[in-house]
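Inspection log for the structure reproduced underneath, given as structure tokens.
2 protein chains.
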Amino acid sequence: MKKKYLDICQSITEQIRSGRIKPETYLPSENEMVKEYQASRETIRKALNLLAQNGYIQKIRGKGSMVLNTSKFDFPVSGLVSFKELAGKMSEPPQTILNGLSLGEAGGFIKKELQLEEGDLVWDVLRTRKMGGERIILDRDFLAEKHVPHLTGDICRDSIYQYLEKELNLNISFAKKEIIVEEPTDEDRSLLDLDGFQNVVVIRSHVYLNDASLFQFTESRHRPDKFRFTDFARRALH
Amino acid sequence: MKKKYLDICQSITEQIRSGRIKPETYLPSENEMVKEYQASRETIRKALNLLAQNGYIQKIRGKGSMVLNTSKFDFPVSGLVSFKELAGKMSEPPQTILNGLSLGEAGGFIKKELQLEEGDLVWDVLRTRKMGGERIILDRDFLAEKHVPHLTGDICRDSIYQYLEKELNLNISFAKKEIIVEEPTDEDRSLLDLDGFQNVVVIRSHVYLNDASLFQFTESRHRPDKFRFTDFARRALH
DNA sequence: CAGTGGTCTAGACCACCTC
DNA sequence: AGGTGGTCTAGACCACTGA
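Chains W and H supply the protein sequences, listed in that same order.
Using UniProt numbering, the first residue of the first sequence is number 1, and each one after it goes up by one.
Using UniProt numbering, the first residue of the second sequence is number 1, and each one after it goes up by one.
Structure below.
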């Protein structure tokens, strides 16, 4: 199934990212794009709305679609991105250390978080992320065994998300996240280079598949000086 | 200008929030809604897409639109919400203290952040937010005088956003934000009840109007134990 | 198979901006 | 007045689900 509006969106995204279309200038009008892309106006508008949602353009009535400046806006923890995808956009390559991988019956806490039944099994994955020689992030993932029957150390050291989407064809769809600041646990102190920091930033996520079933609960614990979260937000319509 | 898809969206939102439509159940099909709301299917779909973006429903092909559980998901720092709007959803009423309000020529730092010209004026607003008797948040707002010619202490103590949107009819459209953790400044220590915390959480925002012009730069500094950010994120299409 | 949501179209009317 | 984006429509075909 090829989606025309996605093609158009990617085409324009590419032109903006490469600098062929400059910030503060206007895109061709929707009617011009209708001819250029051989698509109906609604299809063009679908593509443009995607760009607007992601902060690439601002549509201004009576004038046109202005390209926004997206530089300095390059660390998309926002959205739903795995560490490997994120790392690909960083200057220096990070490193993943697998500290633990086990499959077992869900305990009380995690059984509740993943809404599991009595006797359901869960994977417990513990990984450290190293950047610039220092252990900066501690990730603990819980994955429901009924959705992910098989998991290996190699997959965890590479990218779990890649495996789930490419191999298992799971459709990761949305997540609810919360960011808070906590005191370091003993585990944080032993597995991270905390350098005397009194706090860690904790991101807790519940991740859902296309059919709205919950399959993953993650806790990502960051050294505060290396933590940065950026977001593009549109004001809700009223 | 009445927008049918917004009416439909609000109608369904209201039914979900009030509990008349329960989580884990399906909405009527799009074709049924076409009759119910006397609208075309594309208009219905526009409304449903808004609901999906905001985490109210999950659309599942071949099955329907499932209502998601939105409880425990109640602190929308995400999106673009002013403190007053946020406070309205909290149990206990918070309090705003105005620590400073001045209009002056833009200095080097803020001139750059707000992309101002030589001689442009900016408002500098400093406010403390008190919750449960403790001073928890320190907000510093810079607003370009060319967009906001007039500002008073009463407006700052109430809600700047309300004034901008209701009185000045400014259309606040989008913001770029960043969240990081810093050491407290002397100002933080004197104006907040830091209780010995070694860090503050800082949210920096650049806020833009409908015509893509930058009009506000804000720094919001939070005591870490009272900070919480929640987010609903959909995975980017590929 | 019928029903669901996903994509696409061609055309209409409106509100806004600019000249 | 002419061009821009914003809303809405009626209809078509497709892909997926479940009985």
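In this text, a Cβ means the ideal position worked out from N, Cα and C, and glycines have one as well.
query, result
"What does the alpha-carbon distance come out to for the pair residue 198 of chain W and residue 130 of chain W?", "20 Å"
"When you check each C-beta in the stretch 165-191 of chain H against every C-beta of chain W, which residues fall closer than 7 Å?", "172, 173, 174, 175, 176, 177, 178, 179, 180 and 181"
"Determine whether the beta carbon atoms of residue 138 of chain H and residue 188 of chain H lie at a separation below 9 Å.", "yes"
"Cβ of residue 178 of chain W within 9 Å of Cβ of residue 205 of chain W?", "yes"
"Going straight from the alpha carbon of residue 28 of chain H to that of residue 133 of chain W, what length do you get?", "55 Å"
"Rounded to a whole number of angstroms, what is the C-alpha to C-alpha distance between residue 34 of chain H and residue 227 of chain H?", "43 Å"
"Any contact of the stretch 213-229 of chain W with the stretch 156-176 of chain H, i.e. 3+ C-beta pairs under 8 Å?", "no"
"Between the beta-carbon of residue 141 of chain H and the beta-carbon of residue 154 of chain H, is there less than 9 Å?", "no"
"How about residue 151 of chain W and residue 101 of chain W: do their beta carbons lie closer than 9 Å?", "yes"
"DSSP three-state label for residue 200 of chain W, please.", "strand"
"Assuming the contact rule is C-beta atoms closer than 8 Å, residue 54 of chain H and residue 23 of chain H should be a hit. Round their C-beta distance to whole Å, please.", "With a Cβ gap of about 15 Å, residue 54 of chain H and residue 23 of chain H do not count as contacting."
"Name the two residues that bound the continuous alpha helix (DSSP H) containing residue 62 of chain W.", "That residue, residue 62 of chain W, is in no alpha helix (DSSP H); it is neither H nor E in DSSP."
"Using the C-alpha atoms, what's the distance from residue 229 of chain H back to residue 77 of chain W?", "Unreliable placement is indicated for residue 77 of chain W, whose pLDDT of 46 sits below 50; the coordinate value is still reported in the next sentence. Cα to Cα, the separation comes out at about 13 Å."
"Could you list which residues in chain W have their beta carbon closer than 8 Å to that of residue 47 of chain H, in chain order?", "Simply none; closest approach about 11 Å."
"For chain H, is any of its Cβ atoms less than 9 Å away from the one on residue 16 of chain W?", "no"
"With which residues is residue 41 of chain H paired in a DSSP beta bridge?", "Paired residues: none, contrary to the question."
"Can you pull the chain H residues whose beta carbon is under 7 Å from the beta carbon of residue 256 of chain W, in chain order?", "Because chain W spans 1 through 238 in this model, residue 256 of chain W falls outside it and cannot be assessed."
"Interface residues of chain W around residue 227 of chain H at Cβ under 9 Å?", "179, 180 and 181"
"Within its chain, find whatever has a CB closer than 6 Å to the CB of residue 208 of chain H; leave out the 5 residues flanking it on each side and keep chain order.", "173, 174 and 214"
"Note down the Cα distance separating residue 202 of chain W from residue 65 of chain H, rounded to an integer number of angstroms.", "32 Å"
"Report all residues from its chain with a CB closer than 7 Å to the CB of residue 103 of chain W; omit the five preceding and five following residues, and keep chain order.", "121, 123 and 145"
"List, in order along the chain, the chain H residues whose C-beta lies closer than 9 Å to that of residue 232 of chain W?", "174, 175, 176 and 177"
"Between the beta-carbon of residue 4 of chain W and the beta-carbon of residue 52 of chain W, is there less than 9 Å?", "no"
"Nearest to residue 191 of chain H by alpha carbon, out of H:165, H:211, H:44 and H:222?", "H:222"
"Apart from the five residues on each side of it in sequence, which residues of its chain come closer than 6 Å, Cβ to Cβ, to residue 21 of chain W?", "15 and 67"
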